[in-house]
Amino acid sequence: MRAENYEARNHPPSNEFEINFGPNHPGIEGNYALKVKVHGDEIVAARADGGYLHRGFEKLMEQRLWIQNIALVPRICVPDPAPMEVAYSMAVEQLCGLDVPERAQWLRVLQLELSRVAAHLFTFGGHAATTGMYSPMFWGVADRDLILDLFEELTGGRVYSIYNIPGGVRRDVPDGFLQRLSDTLDYLDSRLPDYDNLLFTNRVFVTRAKGTGPISQTQALEWSVTGPNLRATGLKFDVRRDDPYLVYDQLDFDIPTEEPGDAWARTLVRRGELQQSVRILRQVVERLPGVAGPIRAPIPNPLAWKVPAGETYVRIESSKGELGWYVVSDGSEKPYRVHVRGPSSMHAVQVLEHLVTGARIEDVAQIMFSLDACPPEVDR
Amino acid sequence: MSDNELVNQQFPVKVEQPGGSGNIFARVFDELTAFCRSRSLFILHYCTGCGAIELPPAMTSRFDMERLGISPMVSPRQADILLITGYVSVKTLKRVILTYEQMGSPKYVIGICSCTVNGGMYWQSYATAKKLNDYMPVDLYIAGCMPRPEAVITGLRQLMENIRRGEANGWQDYYQRYDHYLGHQQRLFGETWQTPTDVIAEAKHYGLFSNETLGEHTKLLQQHQKPLEALEMRLGLDSKDKVEP
């Protein structure tokens with residue numbers, strides 16, 4: 001900009017000014033922006049500004065074969081990719097009328113719960129870092145890496161595993177895997193008291209998180225809040241229990257809930273879920289060796305696979321909330337229409353805009369992390 | 381001063397390549413500078429896409445990037461390396477270029493993931509900006525979908541080595557061939573595209589003004605150049621009816 005082109009801008013005399021949170025900001029999880037209008041340090045208005053991560057998944061999927069889309073779907077939510085694969089595979093299976101072998105269902109539960117633990121560990125770290133505590137972040141990332149090692153052993157990929165295909169899973173567990181999984185679960189159990197000491201009973205964290213960004217149960221239901229954010233308002237709703245899929249009806253687990261619906265409650269619910277996921281994984285370790293049979297139903301030649309015409313909606317519980325896939329087939333080799341109902345688009349747009357309005361500027365990052373919204377899933 | 385005069389005007393070249401100088405003391409000093417520069421690097425990790433998920437493991441205790449003297453930094457003014465972690469949409473690319481131009485020279489760009497190389501898995505998508513080095517000079521690509529933390533660290537070590545040998549000169553290329561990069565940017569963003577940074581003046585400042593700094597695209601830029609306006613920072617809440625409760 002040439003110096004002679006500068007002009008004094010006519011600012012109206014006001015105490016209010018605008019601030020951009022993101023798209024490149026340490027307090028924003030990913031490439032996402034929030035525009036806020038502040039008066040002093042209080043926020044008077046806010047608007048979410050997405051679209052930085054928009055890739056056009058739903059359009060791209062219409063241009064690819066049914067089987068090729070398996071590689072595309074985990075990219076929709078990077079920290080928690082497994083539920084995307086599983087839900088898409090389940091939708092295709094429903095359209096084709098495929099029966100999934102029981103062993104494959106157990107392996108899918110194994111992958112889903114491991115993914116949930118990894119995602120929650122990552123969220124703890126991110127939430128703690130927004131209140132200025134970086135040690136929980138280092139711990140969370142380091143412990144998450146142990147789970148990524150297990151993924152690597154099971155599927156070959158650390159983050160994007162592409163483990164599920166319609167009809168079952170690609171590989172069986174390697175020798176000694178269940179023992180190593182069991183050891184990792186023991187380690188995670190032994191780490192939980194450390195996390196409690198470091199984070200969940202930390203006075204700085206408790207004081208900052210309690211009462212921050214509260215949602216009432218009525219509001220939560222009006223805004224389509226799902227997952228841990230909904231259970232933090234006291235409503236005991238979990239797709240795994242209320243609309244069971246895979247083998248969740250054979251498993252024994254609790255649904256942790258909290259009452260106040262603030263940032264503190266949301267984090268506490270996730271901590272409880274992590275414990276329950278470990279409990280589920282222990283049951284999988286115990287019962288998987290007794291489930292014999294194939295891991296994959298026979299599917300037609302994937303390159304000329306025509307899925308019967310029809311439409312279906314499949315929903316599962318991801319670590320962020322209820323994840324739905326609406327898939328329409330016109331009987332050809334490619335999907336006619338695909339729509340993803342991601343939980344984050346509700347959390348990161350309307351809920352976030354309402355919660356930060358009236359909050360103080362230092363709590364914006366914390367509110368966003370406690371909602372655990374995933375920007376790639378918002379933009380899709 | 382007309383454009384032709386600007387082009388013809390000779391500017392002294394301040395930047396010297398290590399090993400290029402005849403004076404042995406000057407050469408030793410240049411090599412020492414390049415060595416020191418390669419050993420203290422701040423990263424600005426712009427989390428544009430999926431690749432950002434492998435950076436926390438690379439930065440924290442397991443792979444520990446800081447043992448190489450590289451540490452993350454949140455502000456472009458303090459950073460040396462711009463890490464583009466994955467897929468770049470057209471909307472993001474504007475901000476990436478804005479960020480790149482804010483960084484002080486010498487600055488280096490690393491493109492992580494296949495998406496920065498050629499659009500990767502989203503080569504068909506209408507929203508994707510493919511081939512990052514059309515829009516800004518990229519010193520190093522780390523390919524893969526997504527590259528493991530080990531690959532990220534190997535890439536950073538390679539960049540350190542390139543800096544030590546004086547081969548990571550993408551930032552000079554941006555000044556010397558600004559018209560080329562601006563042309564690609566204008567094709568994507570429209571002819572009225574501008575950033576607040578005066579790259580041409582910076583090119584003169586660093587002594588990197590060349591025949592290709594100015595051209596048809598910079599001429600277009602100067603026609604459209606407006607007073608400094610922040611990039612779409614308006615909230616649009618001026619009228620009462622738009623304010624949410």
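Line order of the protein sequences matches chains A and B.
Okay, so the first sequence: first residue is 1 according to our numbering, each after it adds one.
Okay, so the second sequence: first residue is 381 according to our numbering, each after it adds one.
Think of the CB as a built atom: it goes at the ideal place given N, C-alpha and C, for glycine as much as any other residue.
Note that the structure is a prediction, hence the values are computed from the model and not measured.
Asked	Found
Considering Cα atoms alone, identify which of B:Glu-481, B:Ile-423 and B:Cys-430 is closest to Thr-577 (chain B).	B:Glu-481
Against Pro-256 (chain A), what residues of chain B qualify as contacts under a CB-to-CB distance less than 9 Å, listed in chain order?	By Cβ distance, chain B contributes nothing, its closest Cβ being about 26 Å from Pro-256 (chain A), past 9 Å.
Alpha carbons only, please: which of A:Pro-376, A:Asp-189, A:Tyr-163 and A:Pro-228 is nearest the one belonging to Thr-257 (chain A)?	A:Pro-228
Ala-45 (chain A) by DSSP, collapsed to three states: which one?	strand
Have a look at B:Ala-523, B:Cys-427, B:Gly-449 and B:Phe-569 and flag the residue whose alpha-carbon is nearest the alpha-carbon of Leu-462 (chain B).	B:Cys-427
In chain B, what lies closer than 9 Å to Asp-238 (chain A) by C-beta?	Within 9 Å Cβ-Cβ: nothing; Asp-238 (chain A) doesn't reach chain B, min ~26 Å.
Could you tell me which residues DSSP puts in a beta bridge with Arg-279 (chain A)?	Beta-bridge pairing links Arg-279 (chain A) to no other residue.
How many angstroms separate the CA atom of Arg-270 (chain A) from the CA atom of Val-239 (chain A)?	16 Å
When DSSP labels each residue in this structure, what does Trp-223 (chain A) get in the three-state scheme?	coil
Which first and last residues belong to the beta strand (DSSP E) in which His-339 (chain A) is found?	337-341
Going along chain A, which residues have a C-beta under 9 Å from Thr-508 (chain B)?	Arg-55 and Gly-56
Is it buried or exposed, Cys-96 (chain A), if we count other Cβ atoms within 10 angstroms and call 16 or more buried?	buried
If the cut-off is 8 Å on Cβ atoms, which residues from the region 485-511 of chain B count as contacting chain A, listed in chain order?	Met-501, Tyr-502, Gln-504, Ser-505, Tyr-506, Ala-507 and Thr-508
Less than 9 Å between the beta carbons of Cys-430 (chain B) and Val-338 (chain A), yes or no?	no
As a quick exercise: from A:Glu-153, A:Thr-184 and A:Val-351, pick the residue whose alpha carbon is nearest that of Asp-175 (chain A).	A:Glu-153
Output the boundary residues of the beta strand (DSSP E) element that contains Asn-20 (chain A).	16-21
What's the gap between the Cα of His-39 (chain A) and the Cα of Ala-45 (chain A)?	9 Å
Give me the Cβ distance between Pro-375 (chain A) and Leu-60 (chain A), rounded to the nearest whole Å; I'm assuming they're in contact under 8 Å.	Actually they are not in contact, since the Cβ atoms of Pro-375 (chain A) and Leu-60 (chain A) sit about 18 Å apart, beyond 8 Å.
With a Cβ-Cβ cutoff of 9 Å, do Tyr-488 (chain B) and Leu-421 (chain B) count as a contact?	yes
Nearest-angstrom Cα distance between His-354 (chain A) and Phe-21 (chain A)?	16 Å
Taking 9 Å as the CB-CB cut-off, is Leu-198 (chain A) touching chain B?	no
Could you round the C-beta distance between Gly-324 (chain A) and Arg-315 (chain A) to whole angstroms and report it? I think they count as a contact, below 8 Å.	4 Å
Quick check on Lys-471 (chain B) - is its C-beta less than 9 Å from some C-beta in chain A?	yes
Got a sec? Which residues, its chain only, sit under 8 Å from Glu-62 (chain A) by beta carbon, not counting five neighbours each side?	Lys-334, Pro-335, Tyr-336, Arg-337 and Val-338
Indicate whether the contact test is met: 3 or more Cβ pairs, each with one atom in the region 102-118 of chain A and one in the region 76-91 of chain A, closer than 8 Å.	yes
In chain order, what residues of the same chain have a beta carbon less than 8 Å from the beta carbon of Thr-472 (chain B), not counting five sequence neighbours either side?	Thr-428 and Ala-509
Select from B:Arg-545, B:Val-454 and B:Met-516 the residue whose C-alpha is nearest the C-alpha of Gln-552 (chain B).	B:Met-516
Take Glu-384 (chain A) as the anchor and find which of A:Gly-261, A:Ala-209 and A:Ala-128 has the nearest alpha-carbon.	For residue 384 (chain A) there is no data in the structure shown, the boundaries of chain A being 1 and 380.
Going along chain A, which residues have a C-beta under 7 Å from Arg-457 (chain B)?	Those do not exist, as Arg-457 (chain B) stays about 13 Å from chain A at its closest Cβ, beyond 7 Å.
Helix, strand or coil for Tyr-555 (chain B)? Go by DSSP, reduced to three states.	helix
If you follow the beta strand (DSSP E) that Val-532 (chain B) is in, where does it begin and where does it stop?	First-last for Val-532 (chain B): 529-544, but that is the alpha helix (DSSP H), not the beta strand (DSSP E).
Tell me the DSSP secondary structure of Thr-257 (chain A) in three-state form.	coil
From the DSSP output, in three-state form, read off His-585 (chain B) for me.	helix
In whole angstroms, what separates the C-alpha of Ile-70 (chain A) from that of Ile-490 (chain B)?	29 Å
If you draw a straight line from the alpha carbon of Ile-19 (chain A) to that of Thr-131 (chain A), how long is it in whole angstroms?	20 Å
State the DSSP-derived secondary structure class of Gly-491 (chain B), mapped to helix, strand or coil.	strand
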